[in-house]
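The block underneath contains the structure these notes are about, expressed in structure tokens.
In my numbering, the protein residues as written are 1 to 102.
Encoded structure:
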């Protein structure tokens with residue numbers, strides 16, 4: 001099982017992990033990959049670049065403003081390329097919290 005909680009469409013440079021995400025709408029896109037054999041997961045990696053992975057029957061997409069990720073096993077947490085710890089974790093949107101002045 002793999003989960004991505006995204007506020008924007010892209011991560012890792014050009015991977016379109018959450019094609020329906022809108023960065024300023026105050027809503028997370030949650031992408032859940034469940035029950036996909038590792039060989040199929042590896043074969044499907046190129047589809048992430050176009051966002052087509054969301055059409056796979058093993059991939060589910062959800063929306064929310066608060067996400068709680070819980071595991072009975074030790075699962076590393078990765079946030080924007082960093083590993084700040086392990087699950088359990090809770091994510092919440094803070095709409096319009098950052099003011100940008102140009």
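All C-beta atoms in this analysis are idealised placements derived from N, C-alpha and C, irrespective of residue type, glycine included.
Excluding residues up to 5 positions away in sequence, 66, 67, 68 and 69 lie with their Cβ nearer than 8 Å to the Cβ of residue 90 in the same chain. Comparing alpha-carbon positions, the option among 26, 42 and 40 lying closest to residue 8 turns out to be 26.
Excluding residues up to 5 positions away in sequence, 77 lie with their Cβ nearer than 8 Å to the Cβ of residue 84 in the same chain.
Residue 95 and residue 81 have their C-alpha atoms spaced approximately 23 Å apart. Residue 60 places its beta carbon 7 Å or farther from that of residue 53. When only Cα atoms are considered, residue 35 and residue 86 end up about 22 Å apart. Counting along the chain, residue 68 sits inside the beta strand (DSSP E) bounded by residues 66 to 69. Take residue 21, set aside five residues on each side of it, and the residues of its chain with a beta-carbon closer than 7 Å to its own are 6, 7, 8, 9 and 29, in chain order.
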